[in-house]
Structure formats: structure tokens, C-alpha cells
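Undergrad:
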Amino acid sequence: MSETPRPPHKTYAFTDYFTQKVLIKRPYITKEMCIYALQHYEKKSPQPDGERIRFWAPIPQLEGKYLRVVTLNDETTIHNAFPDRGYKP
-14 MSETPRPPHK TYAFTDYFTQ KVLIKRPYIT KEMCIYALQH YEKKSPQPDG
36 ERIRFWAPIP QLEGKYLRVV TLNDETTIHN AFPDRGYKP
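For the record, in the sequence shown the residue sitting at position 55 is 40 according to my numbering, with numbers rising by one throughout.
1. Can you tell me which of the three DSSP states TYR51 falls into?
2. Where do the ends of the alpha helix (DSSP H) carrying LYS29 lie?
3. If you reduce the DSSP assignment to three classes, tell me which class PRO68 lands in.
4. Taking the straight line between their C-alpha atoms, what separation do you get for LEU23 and PRO74?
5. Any contact of the region 28 to 36 with the region 3 to 18, i.e. 3+ C-beta pairs under 8 Å?
6. What three-state label does DSSP hand ILE9 in the structure shown?
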């Protein structure tokens, strides 16, 4: 599947959990990577509870590994992010 760029004009926000836990626990992940993933995702899926949306995108800085970015329902507030080793394109 080819990358589908998304409009970069959205304003992104970050939950306290993301800035105070995720970025500390996973210092190799940056806000810029997460925004890139939201703008170039290959797959998008709501979580089963319907509270959040998951996005998957290959990230060049992670040697092409897929980053899963979880947003709130607004799709612009980033809540979590991690390399998804189990994701198969």
C-alpha cells in the first residue's frame, strides 16, 4: 500500500500522559514522528472501546518499523505511541 499523505494543516495536541510518561519511557520517539505518522498512516482503526483511534505508519527514523500512534477521538490529540512489532502491513 502506498503512503497517503494527509493535510498538514491540523493543529496537534498531546495529553499529559504522552508528555509525562510516553516521551520519558520511550525517548527514541518524538512528537514529530507521531505527527508524521498521523499525516502518512497506512492503517487507521478505532479501539474496541471506541474511546481512541489507532494509526500505523512506517517511520524512517525507526528503520521502517511501524509506529502505532493512539489519539483521542478528535484524531489530533496524541495520547500514546510505540513501535508495533506485531503489525503486518
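Heads up, the beta-carbon is just placed ideally off N, CA and C, and yes, glycines get one too. All figures in this text were calculated on a predicted structure; none of them were measured in a lab.
TA: On the basis of the data shown:
1. Translated into positions along the sequence shown, residue 51 becomes position 66. Under the three-state reduction of DSSP output, TYR51 falls in the strand class.
2. For the purposes of this step, residue 29 is taken as residue 44 along the sequence shown, with counting starting at 1. Note, LYS29: premise wrong, no alpha helix (DSSP H); beta strand (DSSP E) at 28 to 31.
3. Position 83 of the sequence shown, counted from the start, is the residue given in the question as residue 68. Here PRO68 sits in strand by DSSP.
4. As a working mapping, residue 23 is identified with position 38 in the sequence shown. As a working mapping, residue 74 is identified with position 89 in the sequence shown. Taking the straight line joining both Cα atoms gives about 16 Å.
5. Contact between the region 28 to 36 and the region 3 to 18 is absent, because fewer than three Cβ pairs lie under 8 Å.
6. Counting from one through the sequence shown, the residue named residue 9 turns up at place 24. The answer is helix: DSSP assigns ILE9 an H, G or I state.
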